[in-house]
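Below: the structure, in structure tokens.
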Amino acid sequence: MKNNEILNKRYANMKQIALVMLVVAGMVWLGGSAVAAEESEGNDGQKASAKSDSGEELAPIPLELPMPVFTGTEIDIPTGAKMEEPREGPRPDFMAPVGTENVAFEKKVTSSDMNPVYGDLEQITDGDKEAYDTSYVELKKGPQWVQVDLGDNYEIYAIVMWHSHNVPQVAKDVIVQVSNDPDFVEGVKTLFNNDQDNSSGLGIGKGLGYFESHEGKLVDAKGVKARYVRCWSNGSTYTALNRWTEIEVYGKPVK
Ligand SMILES: [Ca+2]
């Protein structure tokens, strides 16, 4: 009898596993169909024929988002910080010249903290943007930067960053700079800065604070030309350490 009970239990477990696999397979199938539908819509719709002011043909950047793991933003915001208005619905497609792609994938990453407290710097450009505990790198406290060497000069249209989106939080002093100087001494352009009280010492930024989410933060780079992208942070409302999950740089080679 005992053996039968064990067998019955095993059979029940196998049925549960099979059910989960079916549901997952269904989700993948449904997801695939939705993407196919969107693409065919894009081919016939207005998006495919969008043009920039200079007449260049535009298309949505091929940005794929990780899975969300929470909804809502029920946390205290940093004292006195000016925050973005919450947006309803997903972020609209970001349009850029046709052929724009993520040119940061698997590119070399350096940092002000070359010995992370947790994880490896190469995880910042490995394509894993998920909210798992194994998906982020953790750098020491205080203002710290991570830098991606694109390996060549690119026209950059958007930079998308995920610090950490496993729990609701606001990253502090988010600053995004580009340069052709790997030491960021000369020719530095600041594309985004929400250090509203200059606590990181790079100047007061007019950028707004924002809640980390699976959508990441998209910075419009307006076609700036550069080889190096440097992103600063100074802890978050969740931890004094600096967490990084992924940086994507959407660009095209300079003609
Ligand atoms: Ca990653």
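Numbers in the working numbering are just positions in the sequence shown, counted from 1, shifted up by 1378.
Ideal Cβ positions, reconstructed from N, Cα and C, are used throughout, including at glycine.
Taking C-beta separations shorter than 6 Å and ignoring five residues to either side along the sequence, the partners of D1471 in its chain run P1438, following chain order. When only Cα atoms are considered, N1531 and L1443 end up about 26 Å apart.
An exposed status is given to E1484, since fewer than 16 other beta-carbon atoms sit within 10 Å of its beta-carbon. Exclusion of the five residues before and after N1576 leaves I1582 as the residues of its chain whose Cβ lies within less than 7 Å of its Cβ. Here DSSP, grouped into helix, strand and coil, assigns I1553 to strand.
Relative to the non-hydrogen atoms of ligand 1, the Cβ of S1489 never comes closer than 7 Å to any of them. Here L1580 carries a coil assignment [DSSP, helix/strand/coil]. H1592 is a Cβ neighbour of H1543, given a cutoff of 8 Å.
Considering only F1570, R1605, G1601 and A1604, the residue with the shortest C-alpha distance to Y1588 is F1570. S1490: not part of any beta strand (DSSP E); DSSP gives it neither H nor E.
For the set P1631, A1482 and W1622, the Cα lying nearest the Cα of L1499 is the one of W1622. The three-state reading of DSSP puts E1564 in coil, since its state is none of H, G, I, E or B.
Taken atom to atom, the span from the alpha-carbon of I1455 to that of V1602 is near 32 Å. In the DSSP assignment, the residues bridged to Q1522 are S1611.
Of the heavy atoms belonging to ligand 1, at least one sits nearer than 7 Å to the Cβ of Q1501. DSSP lists E1516 as the bridge partner or partners of Y1496. DSSP lists no beta-bridge partner residue for E1484. Taking 8 Å as the cut-off, the Cβ atoms of V1487 and Q1525 count as close. For I1455, the three-state secondary structure derived from DSSP is coil. Taking all protein chains shown into account, A1536 has 16 or more neighbouring C-beta atoms within 10 Å of its C-beta and is therefore buried. Put simply, the backbone Cα of Q1501 is about 19 Å away from that of V1554.
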